[in-house]
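Following: one structure in C-alpha cells, then a few remarks.
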C-alpha cells in the first residue's frame, strides 16, 4: 500500500514528491519572472507595508499602504483597478479592527493569515506580521503583508522573523532580503533553500528555509485547534462543517482565529470547503455574519454582540476564559456522524499525545479524519460508470449509498453527497479520462479515483 504522503499527493493529481526537482534562481526579463510566479515557483507575489495614519480632519487612524515591493508597472486599466481593490482589501485584513487605534509603547508582534478569493474562485494567501516599529514614545503598530499563491504558514512565519529583525535596524534593510527571496526558487517538499543576507555588525548570514515534507499540511497547525477545543468539541465542529453549515469562531487573538479556521478546513481533506471563508472578518464587513449561505468565519470577540441571528448557526468560542464553548448551536451536531465512526476518530486522536513534533501531530490528526472519509465514501469509484474511451463518467448516486450496509453510515452519506464539496469532487472524477484501456491502465493512473479507492493501510 502507498504511504500516506504518496496517497495524499496523488489525491491532488500531482507527481510523486520524490520526483519533484529543485529549481534554480530566476533569470531573465520581467515577463519570464511573471511566468515563473504564475507557475507557482516564486515565494511571493508582493510585499506591502501597511501603516496607520491619522485621517484628515480626524483623530482616528486609518490603514494605508506605505510601501509595495515590487512595484506593479505596465498594467492595463482594468488590471490596475483590480489591483487597487486587492490592496484595499489587504489594508482591511491587516487591521480588521478598523479605526479604533491609539499609539502604543508596547506591542507583542503577532502573525496571522487570510485568503483573498478572486471572482473566478481562485485564491491567494495573505500572510501578515504586525509589529511596533522602532522609535521612542507612543506610536501605532505597522503591518507587513506578503501575498502568495503558496500555502505554507510556517515558512512565511520564519520569513517574517527575518523581516522583523531587519526592521529593528532599518526599514532599508528589509528590501535587499526580500529581493533575494523573490529571486530564489520555492523548495520542493522536504527541501531547503538558502538565502544570503548582509546585516551590519553581523556580516553575511545564511538563512535556511525548509519546506515540510508533508506539503499538503504545511498551511495547518492542528496544535492550536486542540489547544482551544477538546477532542469531542472538534468532532462537533467537524460534523457541522461536513454538512456545510454556518460556523463562526470567536477569539481575541487574530493568530488564533486564522490558525483554527484553516485547521478546521483542513479536516475536510480531500474535500474542499466551497463557500465563504474569511479567517478574520474586518469590522467594516461584519454584516457578512447575516448571510444565509454556508460560511466559515473568524470574528473578534468584541464584535460578538453583532451576531444577532443565531438561527441555524454554530458559534464557537476559542478564548481561554470562556464560560461555554458553543455560544449558539443547532443542537444536533452530536448525532450527525455515525456513532461507531465517532468513537474510532476519538481513539485515533488519542494517539496525538505521543506526537513529539508539530509535523507528527498534523499527521495523526489528518489520518484520523481521512480514515473517516475512506470508510464512509471511499467506495465511490465503483459507482462511476464509463462508456467508450474518452467519455465522461456518470456517478450512480443512489446505488452508491444503498451499497452501504450500516444504517447510520448510510443516513450520514445520504446527507453528505448533497453537499457542494462532494458534488464538485465527483464532478472532477467524472471528467477524468480513462485512457486507451479501461481496467489495468486505469488502475495505475495517478488520480483521485485510484488514490481514494485504494483504502490504504497506514
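Residue numbers (full-length UniProt numbering): 1 to 458. C-beta atoms are modelled at their ideal positions from N, C-alpha and C, and glycine is treated no differently.
Using 8 Å for Cβ pairs, my map puts residue 461 next to residue 146. What's the rounded Cβ distance? Residue coverage of the chain in this structure runs from 1 to 458, which leaves residue 461 outside it and unanswerable.
Is it true that the CB of residue 211 sits closer than 8 Å to the CB of residue 176? Residue 176 sits at position 176 when you count from the first residue of the chain shown. Residue 211 sits at position 211 when you count from the first residue of the chain shown. Not a contact, by the Cβ cut-off of 8 Å.
By Cβ distance, which residues of its chain are closer than 7 Å to residue 334, with the 5 residues on each side in sequence left out? As a first step, residue 334 is located in the chain shown; it is residue number 334 there, counting from the start. The residues are 236.
Quick one: which unbroken beta strand (DSSP E) runs of 3-plus residues sit fully inside the segment 212 to 273? Chain order, please. For secondary structure counted as the beta strand (DSSP E) over 3 or more consecutive residues, the segment 212 to 273 holds these complete runs in sequence order: 246 to 251.
In chain order, which continuous runs of the alpha helix (DSSP H) of length 4 or greater are located wholly inside the segment 286 to 371? Counting only runs of 4 or more residues that sit fully inside the segment 286 to 371, the alpha helix (DSSP H) segments are 339 to 349, in chain order.
Alpha-carbon spacing of residue 166 relative to residue 416, whole angstroms: Taking the first residue of the chain shown as 1, we reach residue 166 at position 166. Taking the first residue of the chain shown as 1, we reach residue 416 at position 416. About 49 Å.
Once the 5 residues before and after residue 107 are set aside, which same chain residues still bring their CB inside 8 Å of it? In the chain shown, residue 107 corresponds to position 107, counting from 1. Closer than 8 Å at the Cβ level, and outside the excluded window around residue 107, lie 130, 131, 132 and 141.
If you count every other CB in all the chains shown that lies within 10 Å of the CB of residue 292, and 16 or more means buried, which is it? Within the chain shown, the letter at position 292 stands for residue 292. With fewer than 16 other Cβ atoms within 10 Å, it is exposed.
Would a C-beta distance cut-off of 8 Å place residue 221 and residue 263 closer than the cut-off? Locating residue 221 in the chain shown gives position 221, counting from the first residue. Locating residue 263 in the chain shown gives position 263, counting from the first residue. If you check the CB distance, residue 221 and residue 263 come in under 8 Å.
Going by other Cβ atoms of all chains shown within 10 Å of its Cβ, with 16 needed for buried, is residue 245 buried or exposed? In the chain shown, counting from the first residue as 1, residue 245 sits at position 245. By the neighbour-count rule (16 or more Cβ atoms within 10 Å), residue 245 is buried.
Helix, strand or coil, according to DSSP, for residue 399 in the structure here? Within the chain shown, residue 399 is the residue found at index 399, counting from 1. Correct three-state label for residue 399: helix.
Helix, strand or coil at residue 157 [DSSP, three-state]: As a position in the chain shown, residue 157 is number 157, starting the count at 1. Taken through DSSP and simplified to helix, strand or coil, residue 157 comes out as helix.
Cutting at 7 Å between CB atoms, please list the residues of its own chain near residue 460, excluding the five before and the five after it. As shown, the chain starts at 1 and ends at 458. That puts residue 460 outside it, with no answer to give.
Could you compute how far the alpha carbon of residue 174 sits from the alpha carbon of residue 424? For this step, residue 174 is matched to residue 174 along the chain shown. For this step, residue 424 is matched to residue 424 along the chain shown. Residue 174 and residue 424 have their C-alpha atoms spaced approximately 42 Å apart.
Do the CB positions of residue 261 and residue 298 come within less than 8 Å of each other? In the chain shown, residue 261 corresponds to position 261, counting from 1. In the chain shown, residue 298 corresponds to position 298, counting from 1. Their beta carbons are under 8 Å apart, which means residue 261 touches residue 298 by this criterion.
For residue 102 and residue 191, the rounded distance between their alpha carbons: For the purposes of this step, residue 191 is taken as residue 191 along the chain shown, with counting starting at 1. For the purposes of this step, residue 102 is taken as residue 102 along the chain shown, with counting starting at 1. Those two C-alpha atoms are separated by around 43 Å.
Residue 150 beta carbon less than 8 Å from that of residue 125: Indexing the chain shown from 1 puts residue 125 at position 125. Indexing the chain shown from 1 puts residue 150 at position 150. Yes; because the gap between Cβ atoms is below 8 Å, this pair is in contact.
Please report the distance separating the alpha-carbon of residue 79 from that of residue 48. Working through the chain shown from its first residue, we reach residue 79 at position 79. Working through the chain shown from its first residue, we reach residue 48 at position 48. Approximately 18 Å between the Cα atoms of the pair.
Around the Cβ of residue 127, are there at least 16 other Cβ atoms within 10 angstroms (buried) or fewer (exposed)? As a working mapping, residue 127 is identified with position 127 in the chain shown. With 16 or more Cβ atoms within 10 Å of its Cβ, residue 127 is classed as buried.
Run of the beta strand (DSSP E) containing residue 62, from where it starts to where it stops: Taking the chain shown and counting its residues from 1, one reaches residue 62 at position 62. Counting along the chain, the unbroken beta strand (DSSP E) around residue 62 starts and ends at 61 to 69.
Taking Cβ positions, are residue 258 and residue 280 nearer each other than 8 Å? Here residue 258 corresponds to residue number 258 of the chain shown, with the count starting at 1. Here residue 280 corresponds to residue number 280 of the chain shown, with the count starting at 1. Yes. Within cutoff.
I believe residue 43 touches residue 138 by the beta-carbon criterion, under 8 Å. Please report the beta-carbon distance rounded to the nearest angstrom. Looking up residue 43 in the chain shown gives position 43. Looking up residue 138 in the chain shown gives position 138. Contact doesn't hold; Cβ gap of about 35 Å is too wide.
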